[in-house]
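Please read the structure below before turning to the comments.
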Amino acid sequence: MVRNHQIKLAALMAALTLAASGCVSASQGGAGDPSAGTVSPTPSSPEQNAEVPQRPAVLSEKSEEGLEGAVEYWVQLLNYAVASGDTAALKGFSAADCTLCQELIAQTDQAYANGGSIGEGEFRVIETMSTLDKYQASPGEPKVVFASFGIERAAGQVLGADGKATSEIEPVSCMDFEENWDEIAYDEDGNFIGSICSLAVQDPEFDESSGWQPLNVAINAQ
66 MVRNHQIKLA ALMAALTLAA SGCVSASQGG AGDPSAGTVS PTPSSPEQNA
116 EVPQRPAVLS EKSEEGLEGA VEYWVQLLNY AVASGDTAAL KGFSAADCTL
166 CQELIAQTDQ AYANGGSIGE GEFRVIETMS TLDKYQASPG EPKVVFASFG
216 IERAAGQVLG ADGKATSEIE PVSCMDFEEN WDEIAYDEDG NFIGSICSLA
266 VQDPEFDESS GWQPLNVAIN AQ
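Using our numbering, the letters of the sequence shown correspond one by one to residues 66 to 287.
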């Protein structure tokens, strides 16, 4: 079902990172255009107007809708962090043992260090599936609580303090990813690297008094 490929996490981050191998240096393209790699911030830019997403009421429901709402909320917090550089809310709704969450938070903090920022590059949930009571690992064991989802990413830029792009965030599309899973999820050497088109919430927890707890998002190995 879900296997935590933490040793391959660095490779997955090629699709997720804000300024690593998933990005292209601004110096690699647009050399003939003096304005290439430069973004001029404006007072109306999303980065400057971002507001912290509020916790949805549905998260207090012990239901598939509530769990899927928790996934949507986590992605909203991720987008807020990317747009604003404020990772506190994302940290608050990410489980302490969520390696992928911590990597995303660290990458965002790094991008905003020393006056840097991120232009666009937002994530979008494309599909969510969850179950609270349909599966058991074996007869007599508790029901498996599970959620899987995929996200796409828009193109964007990592900007320096001077507003110039230091790297490009390449877009990630999940169109036909299931048909091309072997090509997407494995590198040229056959090592599993995963994809943000196939993620899962590991062992989601629900508290009767406070609702769905911080999520542990991991690679879904299918």
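Beta carbons: idealized from backbone N, C-alpha and C, even for Gly.
**Item:** Best match in Gly-221, Val-266, Asp-252 for proximity to Phe-214 [C-alpha to C-alpha]
**Value:** Working through the sequence shown from its first residue, we reach residue 214 at position 149. Checked all of Gly-221, Val-266, Asp-252; the closest Cα to Phe-214 is Val-266.
**Prompt:** So, is Glu-270 buried or exposed, given that buried needs 16 or more other C-beta atoms within 10 angstroms?
**Reply:** Working through the sequence shown from its first residue, we reach residue 270 at position 205. So Glu-270 ends up on the exposed side.
**Asked** For the putative contact between Val-237 and Cys-166, defined by C-beta atoms under 8 Å, what is the C-beta separation to the nearest angstrom?
**Response** To locate residue 237, count along the sequence shown from 1; it is residue 172. To locate residue 166, count along the sequence shown from 1; it is residue 101. About 18 Å separates the two Cβ atoms, so there is no contact after all.
**Request:** Below 7 Å CB to CB, which residues in the same chain sit around Val-147 once its five sequence neighbours on both sides are set aside?
**Result:** For the purposes of this step, residue 147 is identified with residue 82 of the sequence shown, where counting begins at 1. Around Val-147: Thr-173, Ile-183, Gly-186, Glu-187.
**Item:** Ala-219 beta carbon less than 8 Å from that of Glu-235
**Value:** Within the sequence shown, residue 235 is the residue found at index 170, counting from 1. Within the sequence shown, residue 219 is the residue found at index 154, counting from 1. Cβ atoms of Glu-235 and Ala-219: not closer than 8 Å.
**Asked** Which value, in whole angstroms, describes the spacing of the CA atoms of Ala-286 and Leu-143?
**Response** Along the sequence shown, read from residue 1 onward, the residue named residue 286 stands at position 221. Along the sequence shown, read from residue 1 onward, the residue named residue 143 stands at position 78. Distance between the alpha carbons of Ala-286 and Leu-143 is about 22 Å.
**Opposing strand residues paired with Ala-230 [DSSP bridges]** = Residue mapping note: residue 230 aligns to position 165 of the sequence shown, counting from 1. DSSP lists Leu-224 as partners of Ala-230.
**Message:** Taking only three categories from DSSP, how would you classify Glu-137?
**Reply:** For the purposes of this step, residue 137 is taken as residue 72 along the sequence shown, with counting starting at 1. Residue state, collapsed to three classes: helix.
**Item:** For Asp-227, the nearest candidate out of Ala-178, Ser-275, Glu-116 (CA to CA)
**Value:** Position 162 of the sequence shown, counted from the start, is the residue given in the question as residue 227. Asp-227 has its Cα closest to that of Ala-178, out of Ala-178, Ser-275, Glu-116.
**Prompt:** Per DSSP, what kind of secondary structure is Leu-197 in: helix, strand or coil?
**Reply:** The sequence position of residue 197 within the sequence shown is 132, counting from 1. If DSSP states are grouped into helix, strand and coil, Leu-197 belongs with coil.
**Asked** At what residues does the beta strand (DSSP E) containing Ala-212 begin and finish?
**Response** Here residue 212 refers to the residue found at position 147 when the sequence shown is read from its first residue. Where Ala-212 is concerned, the enclosing beta strand (DSSP E) stretches over 211-218.
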